[in-house]
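See structure below.
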């Protein structure tokens, strides 16, 4: 459980850093690319073996990391577009509701058993994510706008499911740092290409503030993946339980951080979601 708790802390801190970007006027796109470079460097730093770049393409998980890197950039941009065109609450709910995909995958592919109380816990988790993320302002969705949150939902679910599958069949524990570093390197390269394309239309500013923001984001970003891999390796919880607890606890803890650090207003509906989150975590973790 300690690795799962550390993954939740790391992921929650990412949201805090994103919130601070607005306060300190950090250019998000550039900071995101720097963040992937820093996360890649962190993976190389914590890797205990000898790093040979020529050997990495021969790893069984190499092409999967390239695909994951592309997905990281793509899903992030879809999340940003969804938040801008449809609404922040819709983007948040679509991202966290994606826990359904790895849960279903774990049950169907790995034949993981879910008792009645765990099923109740997962259903409560979905309700908790919705209510904890819901805002007082309503959002009217057009048919064309439905594709954006649906894409975020599918993309986030595919990322979580892919990480579990690769961890299960292709990665040794010793390779976790170098695997994470390669994923982030692929994401960084994709981001650099994206910035290069964007800069041809609009000049991207490079300054110390953006670099510092990327560093602050990259460290927790790396550890959120690393500790999630470690949590998935433990025998005490199956992958369905890990993803449920991870996503719901991130929503709950991020909400509490928003209250404490940024004095955010939390409605009765949000408090109800936090209460459901606690119940769902207890059911999934201990039954």
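Numbering (the UniProt record's numbering), first residue to last: 1 to 287.
A virtual CB, placed ideally from N, CA and C, is assigned to each residue, including glycine.
If you draw a straight line from the Cα of residue 4 to the Cα of residue 201, it is about 42 Å long. With respect to residue 114, residue 107 sits close: the two C-beta atoms are nearer than 8 Å.
The Cβ atoms of residue 187 and residue 73 lie closer than 8 Å to each other. Scanning the region 208 to 276 from its first residue to its last, the whole alpha helix (DSSP H) runs of 4-plus residues come out as 208 to 233, 239 to 262.
Looking at 30, 281, 246, 24, the one whose alpha-carbon comes closest to that of residue 10 is 246.
Looking only at 150, 127, 222, 229, the smallest Cα-Cα distance to residue 14 is reached by 222. Restricting attention to 217, 156, 248, 44, the CA atom closest to the CA of residue 31 is found in 217.
Nearest to residue 208 by C-alpha distance, out of 20, 7, 19, 27, is 27. With fewer than 16 other Cβ atoms from the protein chains shown falling within 10 Å of its own Cβ, residue 63 counts as exposed. By the Cβ-count criterion, residue 249 is buried, with 16 or more other Cβ atoms from all chains shown falling within 10 Å of its own Cβ.
Close CB contacts of residue 254 within its chain, under the 6 Å cut and outside five residues either way in sequence, are with 12, 15 (chain order).
With a threshold of 16 other beta carbon atoms within 10 Å, residue 271 falls short and is exposed. Look at residue 283 here: in three-state DSSP terms it is helix.
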